[in-house]
Amino acid sequence: MPKEAFYALKAMWRPEPQVHIVGHWNYTPETKKTIYVISNCASVKLYVNDKLIGTNNAPENGYVFKFDQVAWETGEIKAEAFIDSELKTTQTKETAGEPEALKLTPITGPKGWLADGSDIALIDIEVVDAQGRRCPLAKGRVDFTISGPAIWRGGYNSGNPNSTNNLYLDIEAGINRVAVRSTLEAGNVTITATKAGILDANLELNSMAFEIKNGLTTMLPQVYENVLSKEPLPAHTPEMPKYVPGIKNRSELFKKFSYTGDGKAMLRTNMHWGKKAYTDLEYNYTVLPKFLNGAEYVRTPNSDNRYWARDQLQFIAGKKMHIYVLHDDTVSRPEFLLQDYNDTGDNVNMAGVSMSVFHRLAEEGESIIMAGNSDGDAPENCRMYTVMAKKFKK
Numbered sequence: 001m002p003k004e005a006f007y008a009l010k011a012m013w014r015p016e017p018q019v020h021i022v023g024h025w026n027y028t029p030e031t032k033k034t035i036y037v038i039s040n041c042a043s044v045k046l047y048v049n050d051k052l053i054g055t056n057n058a059p060e061n062g063y064v065f066k067f068d069q070v071a072w073e074t075g076e077i078k079a080e081a082f083i084d085s086e087l088k089t090t091q092t093k094e095t096a097g098e099p100e101a102l103k104l105t106p107i108t109g110p111k112g113w114l115a116d117g118s119d120i121a122l123i124d125i126e127v128v129d130a131q132g133r134r135c136p137l138a139k140g141r142v143d144f145t146i147s148g149p150a151i152w153r154g155g156y157n158s159g160n161p162n163s164t165n166n167l168y169l170d171i172e173a174g175i176n177r178v179a180v181r182s183t184l185e186a187g188n189v190t191i192t193a194t195k196a197g198i199l200d201a202n203l204e205l206n207s208m209a210f211e212i213k214n215g216l217t218t219m220l221p222q223v224y225e226n227v228l229s230k231e232p233l234p235a236h237t238p239e240m241p242k243y244v245p246g247i248k249n250r251s252e253l254f255k256k257f258s259y260t261g262d263g264k265a266m267l268r269t270n271m272h273w274g275k276k277a278y279t280d281l282e283y284n285y286t287v288l289p290k291f292l293n294g295a296e297y298v299r300t301p302n303s304d305n306r307y308w309a310r311d312q313l314q315f316i317a318g319k320k321m322h323i324y325v326l327h328d329d330t331v332s333r334p335e336f337l338l339q340d341y342n343d344t345g346d347n348v349n350m351a352g353v354s355m356s357v358f359h360r361l362a363e364e365g366e367s368i369i370m371a372g373n374s375d376g377d378a379p380e381n382c383r384m385y386t387v388m389a390k391k392f393k394k
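Residue numbers (full-length UniProt numbering): 1 to 394.
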């Protein structure tokens, strides 16, 4: 499925004028956030409900146009991209309404779905509102039934190794994808998808007869026609700033650290009382268990307390190390915490909120992946988890 990175790379690599607003336009009232627009044009104007928010003609790294403190309003956000003051292309994103129904969209080869025993039909499953717009915040389990000559192959939830080949799948960001394989029998296949609280979706697929004699066929595997043509010259070539080596991640423990939430996470060292817990709140750690003193730690954005991604925070363990996760006691524990971590019995008071301390041991070079604060709904005023690490000592 095309993700944000697909559209960003398309905007950077295609020669035709491109513009893409990163993210969705479904937030809570009073939200203000930085909006990033990727474009290969010279300047970008950003609008919210037809009101000009700003003009940017000084992109970062040639393609990234940044607009700070954009106030969310229900409706639409629009980006216009210009070259030499001439409008070249636009993109608009709308606020989706409440989840109304499921939608199934099949993807087959150019000759259709062939009953050759190996052809795959992909099916995108989406949660949509009453106008058919995908609901980008929708998540949760979808169940499927299938009848007819086909083999169910299901889908995959990122980071969950037990999510394949099941007749159920979790929606992520309002969408996911499943696969069915044909058999040697042609015919009609019916697929039904259900999710609690919204309308079901039904899809009928027909696998087409495929000639096989003595286990052999003269038909080549189907491919899309590749029409080669001379590419046009780029509409605009952004000026790229001279590369200046940045400050390297000096963390000894959090190697190849990445954070995919809406906010910004930061790595810090030498934990002790008085250090800040979050990147967007002025909350400090006060009384800490002694074993956390001197730890390296992650300042997470508290604004992501209800954000969810399967791989929201990840890194490679730089040493054999203790990992500690401080998690709000008012929030249901996410699966990654229950499966991989143990409750130490210690708590940290974070501005009046009790945060339980969970622990696990990681080997050097081990890949660590943490999902969102909760796999379900979290209280509106809860705290985002924070992470600390200390080198293992014999």
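Note that the Cβ used here is the ideal one computed from N, Cα and C, for glycine as well.
For clarity, every value in this text was computed on a predicted model and none was experimentally measured.
- Pairing G23 with K393, the inter-Cα distance amounts to about 43 Å.
- In the displayed model, Q91 falls within a strand according to three-state DSSP.
- By the neighbour-count definition (other C-beta atoms within 10 Å, threshold 16), W273 is an exposed residue.
- Taken through DSSP and simplified to helix, strand or coil, F82 comes out as strand.
- E335 and V189 have their alpha carbons spaced roughly 35 Å apart.
- Of the residues assessed, M1 falls on the exposed side of the cut-off, its CB having fewer than 16 other CB atoms within 10 angstroms.
- For K3, there is no enclosing alpha helix (DSSP H), since its DSSP letter is neither H nor E.
- Between H322 and A265, the CB-CB gap reaches or exceeds 9 Å.
- DSSP places L338 in the helix class (H, G or I) of the three-state scheme.
- DSSP places N302 in the helix class (H, G or I) of the three-state scheme.
- Runs of the alpha helix (DSSP H) spanning 4 or more residues and lying entirely within the region 340-372 do not occur at all.
- Taking C-beta atoms under 8 Å as the contact rule, T90 and V19 qualify, at a distance of about 7 Å.
- Secondary structure note for A71: its beta strand (DSSP E) is the uninterrupted segment V64 to A71.
- In this structure, DSSP gives M384 a state outside helix and strand, which the three-state scheme calls coil.
- The beta carbons of I146 and V180 sit about 7 Å from each other, so the pair counts as a contact at 8 Å.
- Around the CB of P59, 16 or more other CB atoms lie within 10 Å, so the residue is classed as buried.
- Just measuring C-alpha positions, the residue of P136, L220 and A101 sitting nearest D119 is L220.
- Sequence-distant Cβ neighbours of G54 in its own chain, meaning closer than 6 Å and more than five residues away, are L46 and F67.
- DSSP places W13 within a helical segment (H, G or I) once states are collapsed to three.
- For K242, no beta strand (DSSP E) run applies, since DSSP gives it neither H nor E.
- Around the CB of F6, fewer than 16 other CB atoms lie within 10 Å, so the residue is classed as exposed.
- Counting along the chain, I21 sits inside the beta strand (DSSP E) bounded by residues V19 to I21.
- Contact annotation: L102 and V128 have beta-carbon atoms nearer than 9 Å.
- Here DSSP, grouped into helix, strand and coil, assigns F254 to strand.
- Taking 9 Å as the cut-off, the beta carbon of S163 is found no closer than this to the beta carbon of A115.
- Taken atom to atom, the span from the alpha-carbon of A150 to that of R133 is near 30 Å.
- Membership of Q314 in the beta strand (DSSP E) is indicated by the continuous run L313 to A317.
- Take T344, set aside five residues on each side of it, and the residues of its chain with a beta-carbon closer than 6 Å to its own are V357 and H359, in chain order.
- D328 is bridged by DSSP to M355.
- Remark: three or more beta-carbon pairs, one from each stretch, lie closer than 8 Å, so the region 78-86 and the region 35-51 are flagged as touching.
- By the CB criterion at 9 Å, M350 and D328 fall inside the cutoff.
- Secondary structure of L228 (DSSP, three-state): coil.
- The alpha helix (DSSP H) runs lying completely inside the UniProt domain "Glycoside hydrolase family 2" (113-202) and spanning 4 residues or more number zero.
- Under DSSP, M321 forms a beta bridge with A362 and K391.
- For I53, DSSP assigns no beta-bridge partner whatsoever.
- For the pair K32 and Q69, the CB atoms are nearer than the 9 Å cut-off.
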